[in-house]
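Notes follow the structure.
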Amino acid sequence: MYPNEYIEFLVHFHCDQDYFECHEILEEYWKKVDSGNKDSIWVGFILLAVSAYHHRRKNFKGAEKTLIKSMQLLEKKQEIIKKLGLDASKLLLLLKLQEKHIKQQLAFCTYHLPFTDPNLEMNCIESAHIKGLKWKNSEPVPFEIIHRHISRDRSMVIKERENALLQRKQKDKHL
1 MYPNEYIEFL
11 VHFHCDQDYF
21 ECHEILEEYW
31 KKVDSGNKDS
41 IWVGFILLAV
51 SAYHHRRKNF
61 KGAEKTLIKS
71 MQLLEKKQEI
81 IKKLGLDASK
91 LLLLLKLQEK
101 HIKQQLAFCT
111 YHLPFTDPNL
121 EMNCIESAHI
131 KGLKWKNSEP
141 VPFEIIHRHI
151 SRDRSMVIKE
161 RENALLQRKQ
171 KDKHL
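According to this note's numbering, the sequence shown holds residues 1 to 175 in order.
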């Protein structure tokens, strides 16, 4: 019923709080199913994970910017959020609170997405158990997860950005 990647996203979000991995999983899925659609629900969730990643690392400017973009997208996708087993209105209220915390430059506190589908949550709990993860974990997060981007191979990202820049320059030439 729900994409496996979405369940993986939710498991990482609620268990090991590896928001970088949340972003990676959904970005790959988004590129596979809805590539190029910047208004996709998946982009909203990707930005949500990126914001949490930045906030925890005290990058308040990055956290605020990505959270605002996420909220703008998710606000327009409330019916889809409901179909994805979450409470859209509670989620948006939760994100408003996160925005307030970011603007006040408060330390990041773990939060959980509001489920409405108990079957979805059970699937996530089972998946977490299989992976050896504790559901809705509140234990301290290891340094390597907090600063996950440091060990990431960025060669593909750099290449994609260079290609996009080259395409824009070529397009501008033809205008």
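C-beta: ideal position from N, C-alpha, C; glycine also.
Residue i burial status per 10 Å Cβ neighbour count (16 or more: buried)
i	result
residue 36	exposed
residue 129	exposed
residue 154	For residue 154, the pLDDT reaches just 49, beneath the cut-off of 50, and the residue's location in the model is therefore unreliable, although a value from the coordinates is still provided. With fewer than 16 Cβ atoms within 10 Å of its Cβ, residue 154 is classed as exposed.
residue 22	buried
residue 98	buried
Residue i: first and last residue of the uninterrupted alpha helix (DSSP H) it sits in
i	result
residue 70	60-76
residue 119	118-130
residue 98	88-103
residue 85	Where residue 85 is concerned, there is no enclosing alpha helix (DSSP H), given that its DSSP letter is neither H nor E.
residue 30	19-33
residue 135	It is not in any alpha helix (DSSP H) - residue 135 carries neither H nor E in the DSSP assignment.
residue 56	41-56
residue 6	4-14
Chain-order list of residues whose beta-carbon lies under 7 Å from that of residue i (same chain, five-residue window excluded)
i	result
residue 60	102, 105
residue 63	51, 54, 55, 102
residue 78	88
residue 176	Limits of the chain in this structure are 1 at one end and 175 at the other, which puts residue 176 out of reach.
residue 120	2, 85
Cut-off 6 Å between Cβ atoms - residues of its own chain near residue i, not counting five sequence neighbours on either side
i	result
residue 53	19, 20
residue 125	135
residue 118	none
residue 127	7, 11
residue 74	44
Residue closest to residue i, alpha-carbon to alpha-carbon, out of the options
i	options	result
residue 131	117, 12, 6	12
residue 65	2, 78, 100	100
residue 94	14, 113, 39	113
residue 2	170, 165, 122	122
Proximal residues to residue i (C-beta, below 8 Å), its chain only, five neighbours per side dropped
i	result
residue 26	5, 6, 9, 42, 45, 46, 49
residue 116	82, 85, 86, 87
residue 76	39
residue 14	112, 113, 124, 128, 135, 136, 137
Check whether the segment 50-60 touches the segment 75-92, taking contact to mean three or more Cβ pairs, one atom from each stretch, closer than 8 Å. no
For the segment 67-77 against the segment 28-35, are there 3 or more C-beta pairs whose distance is under 8 Å? no
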